[in-house]
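So for the sequence shown, the numbering used here puts the first residue at 10; every next one is plus one. Glycine included, C-beta positions come from ideal geometry on N, C-alpha and C. This report concerns only the one structure given below.
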Amino acid sequence: MIMSWNNVYKEAGNIWGERPGGLAIAMVKYLRGHKTNDNMIRILDIGCGYGRDALYFLGHFRCEILGIDISEKTIDMAKKAALSRKMDYYFSAHFL
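Here is the structure:
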């Protein structure tokens, strides 16, 4: 299973597009409506893929995100995307 996801992303790249998913967009709207007092928001992104949702959150809030995915390829993609945007990140590949 791990190898197949790595192969999919090696061949196709960003298969879900560049824009964040609907849930991430809805959560940003929700959190904007609540006072965060500029406090650090902590997010666990399970199945983070190449980080499109995590990077979206980082662009809107002061947050600490742990992104976990089964695919080492997507984790590498997420790290590169975060570095290119000069964002702090922690992405990790794990098989639980």
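Cβ-Cβ distance between Leu40 and Phe70 below 9 Å: Residue mapping note: residue 40 aligns to position 31 of the sequence shown, counting from 1. Residue mapping note: residue 70 aligns to position 61 of the sequence shown, counting from 1. Against a cut-off of 9 Å, the Cβ pair of Phe70 and Leu40 comes out as a contact.
Paired residues, beta bridge with Glu73 - DSSP: Translated into the one-based positions of the sequence shown, residue 73 becomes position 64. Per DSSP, Arg51.
Local Cβ density within 10 Å of Arg61, reported as buried at 16 or more and exposed below that: Within the sequence shown, residue 61 is the residue found at index 52, counting from 1. Result: buried.
Beta-carbon proximity list for Glu27, same chain, < 7 Å, skipping 5 on both sides: Along the sequence shown, read from residue 1 onward, the residue named residue 27 stands at position 18. Cβ neighbours of Glu27 beyond the five flanking positions: Arg61.
Residue environment, Thr83, which counts as buried when at least 16 other CB atoms sit within 10 Å: The residue labelled residue 83 in the question sits at position 74 within the sequence shown. So Thr83 ends up on the buried side.
Cα-Cα separation, Trp14 to Ile79: In the sequence shown, counting from the first residue as 1, residue 14 sits at position 5. In the sequence shown, counting from the first residue as 1, residue 79 sits at position 70. Going by the C-alpha atoms only, they are around 8 Å apart.
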